[in-house]
Amino acid sequence: MNAALKSSSSPGSSNAGDHPAGGNATAAANAAAASFAALTDNLDYLDPASIELVRQAYRYADTAHLGQLRNSGEPYITHPIAVAAQCATWKLDAQALMAALLHDAMEDCGITKADLIERFGAPVAELVDGLTKLDKLQFDTREENQAESFRKMLLAMARDVRVILIKLADRTHNMRTLSDMPRSKWKRISSETLEIYAPIAHRLGLNQTFRELQDLSFRHLHPWRYATLNKAINKARNRRRDLVQKVQADVDAVFSKNGMKVRLAGREKTLYAIYQKMTLKHLSFAQVTDLYGFRVIVPTITDCYTGLGLLHQMYKPVPGKFKDHIAIAKLNGYQSLHTTLVGPSGINIEFQLRTEEMHIIAEAGVAAHWLYKAQEHDGTAADRLGTKWLQSLLDIQNETRDAAEFWDHVKVDLFPDAVYVFTPKSQIMAMPQGATVVDFAYAIHSNIGNRTSAAKINNEQVPLRTELKNGDVVEIITTADATPNPAWLGFVRTGRARSKIRHYLKTLAHSESEGLGEKLLTQALRAEGIEELPPADGNTQAVWDKLLRFTGSRSRDELMTDIGLGKRIASIVAKRLTVLMSEHGYRPDALLMTRERYTSHETVSQGGLTLDGSENASVQYAHCCRPIPGDNIIGYLGRGEGLVVHTAQCATAQKLQHKDSERFITVDWADEPSRLFEAGVVVTISNGKGVLARVASELAEAEADIIHVDMDDEVALDTIDLRFIVAVRDQAHLETALRNLRRVPAVLRASRR
4 MNAALKSSSS PGSSNAGDHP AGGNATAAAN AAAASFAALT DNLDYLDPAS
54 IELVRQAYRY ADTAHLGQLR NSGEPYITHP IAVAAQCATW KLDAQALMAA
104 LLHDAMEDCG ITKADLIERF GAPVAELVDG LTKLDKLQFD TREENQAESF
154 RKMLLAMARD VRVILIKLAD RTHNMRTLSD MPRSKWKRIS SETLEIYAPI
204 AHRLGLNQTF RELQDLSFRH LHPWRYATLN KAINKARNRR RDLVQKVQAD
254 VDAVFSKNGM KVRLAGREKT LYAIYQKMTL KHLSFAQVTD LYGFRVIVPT
304 ITDCYTGLGL LHQMYKPVPG KFKDHIAIAK LNGYQSLHTT LVGPSGINIE
354 FQLRTEEMHI IAEAGVAAHW LYKAQEHDGT AADRLGTKWL QSLLDIQNET
404 RDAAEFWDHV KVDLFPDAVY VFTPKSQIMA MPQGATVVDF AYAIHSNIGN
454 RTSAAKINNE QVPLRTELKN GDVVEIITTA DATPNPAWLG FVRTGRARSK
504 IRHYLKTLAH SESEGLGEKL LTQALRAEGI EELPPADGNT QAVWDKLLRF
554 TGSRSRDELM TDIGLGKRIA SIVAKRLTVL MSEHGYRPDA LLMTRERYTS
604 HETVSQGGLT LDGSENASVQ YAHCCRPIPG DNIIGYLGRG EGLVVHTAQC
654 ATAQKLQHKD SERFITVDWA DEPSRLFEAG VVVTISNGKG VLARVASELA
704 EAEADIIHVD MDDEVALDTI DLRFIVAVRD QAHLETALRN LRRVPAVLRA
754 SRR
């Protein structure tokens with residue numbers, strides 16, 4: 004893909020011998036044909052009709068890429084053939100192989116999705132479309148382009164996992180041939196591979212691809228380190244060849260003696276894994292002892308545990324290095340027993356015991372399904388192989404329309420480490436490393452997450468931000484009136500939890516803004532002499548249609564939300580609505596108009612509103628002046644912020660009113676506010692032992708909850724200011740709290756801030 008270069012030779016020439024480059028063109032065509040012949044040799048798992056379809060896709064792609072070369076000088080078609088060959092090793096079906104051959108045709112050759120649908124059918128065209136980058140759209144930044152491309156690819160992959168398998172095969176071949184690319188591009192492509200594609204491969208259980216992508220990225224990101232480490236490993240390999248052969252012979256002998264059929268395979272730690280271990284644990288190469296390992300493939304699960312016992316009798320196990328991934332499979336479906344033993348000469352050797360089926364899944368992950376049968380994958384197999392993550396991508400997408408935000412959620416979920424925790428009913432759940440109680444709640448169900456009020460871990464109450472550890476028993480306590488807190492976004496770890504919280508908060512703000520907008524428009528309409536909003540049906544439907552065209556809104560609900568968020572001025576909309584209604588025979592009530600206009604405040608242009616504190620997201624109480632019931636207040640409809648309430652004396656509000664008076668509305672307190680309100684208090688004290696405790700005690704006695712406290716940095720001074728934010732019912736309640744504070748001998752002054 005990235006390596007394509009247009010050849011200067013004429014792509015339209017049908018006879019290669021007609022121009023000077025004819026000999027080269029013939030040689031290139033022969034090379035491409037030979038490479039496709041090698042591919043067809045590996046398609047014996049397909050029926051003849053399917054192989055013919057693959058051949059047709061090859062011919063189509065070959066014609067489309069005619070005259071295009073890779074940086075190596077090879078015909079471009081060799082790249083799609085190599086991608087299809089990788090897919091064939093996973094035994095993918097004919098549709099996937101056709102898409103692999105055609106995967107660059109839309110991007111590089113001007114072929115449309117409609118062309119592919121007509122020629123090869125919708126399923127193949129959908130696969131190719133999912134793989135095609137959005138290069139033809141204009142984005143503000145490279146990051147935004149990348150985020151949108153990945154969003155499209157990941158969604159296509161969630162609907163059909165073959166998309167990502169082809170994409171990973173494509174990236175693997177591009178990485179294998181990266182040396183042919185300009186060196187200036189190595190870092191960007193390798194970093195992207197290491198940060199994005201390798202973790203996706205791991206998440207889907209494609210361990211062989213995961214390891215190869217890591218090593219190839221390492222090789223091109225740090226060529227000198229790679230070469231040095233490679234040389235050291237080759238030396239170590241030669242020195243320890245006898246040791247490996249001895250261990251292999253000993254293990255073979257023990258299993259044969261006990262009548263167990265096994266297949267033994269040596270396994271060497273990858274260069275990147277060794278480099279990571281050296282970097283993270285600050286080790287030299289000589290200190291990395293577990294370079295070698297063995298895989299013991301046995302017939303049954305029982306044999307895995309029997310084999311483990313035999314190995315532990317041969318060599319001493321290293322304490323704490325045994326892991327049972329059979330009883331508790333990894334998130335991506337991987338199953339195996341791991342144990343590290345002290346072998347001859349005190350060398351640590353890791354053994355992995357697994358069945359043949361487990362081995363196929365361990366190496367090929369999601370692709371393992373096609374290794375059993377090249378048919379449509381069924382949901383149960385996909386779930387077992389850890390692809391529930393793919394479905395969760397669709398859930399996140401439904402709630403996240405912004406590409407960068409979507410990609411942010413997904414990257415969080417790509418970290419492979421996991422912790423295993425239990426529900427109170429002993430059901431085991433795998434969560435990413437660093438996941439919190441709130442992540443666990445959303446993993447169970449979004450309604451549980453939204454209603455979470457408290458939690459217990461191992462029967463002890465814990466804060467909601469507590470990180471989970473292996474073996475924790477987690478109990479979520481819910482209440483009917485609990486709602487997600489915006490502060491949760493600061494500590495949740497999973498993309499699912501993050502997107503569910505954001506979606507809830509956005510939906511809440513929208514629905515409340517819609518209600519506020521309806522109130523404001525009704526009040527503005529009364530000032531025009533019309534009692535109430537006309538219904539959106541029957542005779543008045545035409546009025547609403549014309550009004551929506553005037554405002555550019557898609558629906559009545561959207562218009563109300565925009566008014567509530569301050570994106571539209573209620574009085575202007577009301578005036579237009581009045582004109583439209585008069586065209587349909589409605590007449591304003593002169594008495595109502597007079598009463599409404601002359602009872603509202605002169606400087607305020609949009610109706611009035613009563614507040615009791617239950618408005619949540621649609622109304623904010625300004626932090627600059629922190630209004631509380633009893634204060635004279637005024638409301639400002641900020642652009643897209645909803646209603647912001649200030650005290651009438653607030654300097655910020657007065658500046659805004661001078662500049663933007665049409666955005667202010669009359670607001671007043673309800674007779675019985677429904678909650679406490681925050682107020683700022685400054686207490687100047689003579690510094691001394693226990694004074695802060697005494698001040699806090701007086702506030703508690705006055706039933707004023709302390710939300711926040713800070714003080715001067717110079718604590719050694721004789722007098723310091725304590726700044727509190729306290730929750731009070733109204734002005735009278737605050738005055739009581741201040742009187743209590745002034746009674747304390749060490750308090751010099753106490754006043755509202």
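Counting the sequence shown from 1 gives a position; this note's numbering is that position plus 3.
Idealized CB from N, CA, C, for every residue including glycine.
Check, Outcome
"Helix or strand or just coil, what does DSSP make of Glu738?", "helix"
"Would you identify the three-state DSSP class for Ala446, choosing helix, strand or coil?", "helix"
"Kindly identify the DSSP beta-bridge partner or partners of Asp713.", "Arg726"
"Between Thr525, Leu134, Met432, Tyr507, which lies nearest to Val477 when the distance is taken from Cα to Cα?", "Met432"
"Within the same chain, show all residues whose beta-carbon is closer than 7 angstroms to that of Ala239, passing over the 5 residues directly before and after it, in chain order.", "Leu294"
"Using a threshold of 9 angstroms, state whether the C-beta atoms of Leu612 and Gln526 are closer than that.", "yes"
"Using a threshold of 9 angstroms, state whether the C-beta atoms of Leu702 and Asn743 are closer than that.", "yes"
"Given Pro419, which residues of its chain have a CB within under 7 angstroms of its CB, disregarding the five upstream and five downstream residues?", "Per-residue confidence for Pro419 stands at a pLDDT of 47, beneath the threshold of 50, marking its modelled position as unreliable; the derived number appears in the next sentence. Pro202, His205, Arg206, listed in sequence order."
"Work out the CA separation of Ile566 and Gln98 for me, nearest whole Å.", "51 angstroms"
"Would you kindly check if the distance between the Cβ of Asp111 and the Cβ of Tyr63 is under 9 angstroms?", "no"
"Should Phe297 and Leu232 be called a contact, given that it needs their Cβ atoms to be closer than 9 angstroms?", "no"
"Near Thr606, what residues of its chain come up, given a Cβ to Cβ distance below 6 angstroms and the 5 sequence neighbours on each side ignored?", "Residue confidence is low: Thr606 scores 37 on pLDDT, short of 50, so the model does not pin down where it sits. Its coordinate-derived value is still stated next. Answer for Thr606: no residue qualifies."
"Can you grab the Cα-Cα spacing for the pair Thr43 / Ile54, in whole Å?", "8 angstroms"
"Within a Cβ cutoff of 6 angstroms, which residues of the same chain sit near Pro83, ignoring the five residues on either side of it in sequence?", "Ala64, Leu104"
"Is Asn233 near the ligand GTP, going by C-beta to nearest heavy atom under 8 angstroms?", "With respect to the ligand GTP, the structure offers nothing, as it holds no ligand at all."
"With distance defined between alpha-carbon atoms, name the residue in Ala735, Met361, Glu681, Pro748 nearest to Ser339.", "Met361"
"Apply the 10 Å Cβ neighbour rule to Gly113 and answer buried if 16 or more other Cβ atoms are within range, or exposed otherwise.", "exposed"
"Following the continuous beta strand (DSSP E) through His341, name the residue where it begins and the one where it ends.", "340–345"
"Under the assumption that Leu101 contacts Phe123 (Cβ atoms under 8 angstroms), give the Cβ distance between them as a whole number of angstroms.", "As written in the sequence, residue 101 is Met, which differs from the Leu given in the question. With a Cβ gap of about 6 angstroms, Met101 and Phe123 count as contacting."
"For Thr497, which residues from the same chain have a beta carbon less than 8 angstroms from its beta carbon, with the 5 sequence-adjacent residues on both sides left out?", "Val415, Asp416, Met434, Pro435, Ala438, Asp442, Tyr445, Ala446"
"In chain order, what are the residue ranges of uninterrupted alpha helix (DSSP H) at least 4 long that sit wholly in the region 473–557?", "498–529, 544–554"
"Taking the alpha helix (DSSP H) that Glu586 falls in, what are its first and last residues?", "573–586"
"Anyone know if the C-beta pair for Val86 and Ile169 falls short of 9 angstroms?", "yes"
"Opposite Lys326 in the DSSP bridges: which residues?", "His341"
"Who are the Cβ neighbours of Leu720 in its own chain at under 8 angstroms, not counting the five residues just before and after it?", "Asn690"
"Taking the alpha carbon of Gly616 as the reference point, which residue from Thr655, Leu679, Arg590, Arg666 has its own alpha carbon closest?", "Leu679"
"Spatial neighbours of Gly1 within its chain, please: CB distance less than 8 angstroms, with the 5 preceding and 5 following residues excluded, ordered by chain position.", "Past the edges of the chain, shown from 4 to 756, lies residue 1, and the structure says nothing about it."
"Out of Val731, Arg697, Arg732, which has the shortest C-alpha to C-alpha gap to Leu725?", "Arg697"
"Taking C-alpha atoms, which residue in Gln316, Tyr61, Val750 lies nearest to Thr722?", "Val750"
"Run through the DSSP bridge pairs and tell me what Trp672 is partnered with.", "Leu614"
"Does the region 542–560 come within contact of the region 485–505, defined as at least 3 CB pairs closer than 8 angstroms?", "no"
"Can the beta-carbon of Ile728 be found less than 9 angstroms from the beta-carbon of Val712?", "yes"
"What separation, rounded to the nearest whole angstrom, lies between the Cα atoms of Thr358 and Leu471?", "31 angstroms"
"Between Leu313 and Phe258, what straight-line distance do the alpha-carbon atoms span, to the nearest angstrom?", "8 angstroms"
"Starting from Phe221, trace the alpha helix (DSSP H) in both directions and tell me its first and last residue.", "210–224"
"For Asp715, is the classification buried or exposed, using 16 other Cβ atoms within 10 angstroms of its Cβ as the cut-off for buried?", "exposed"
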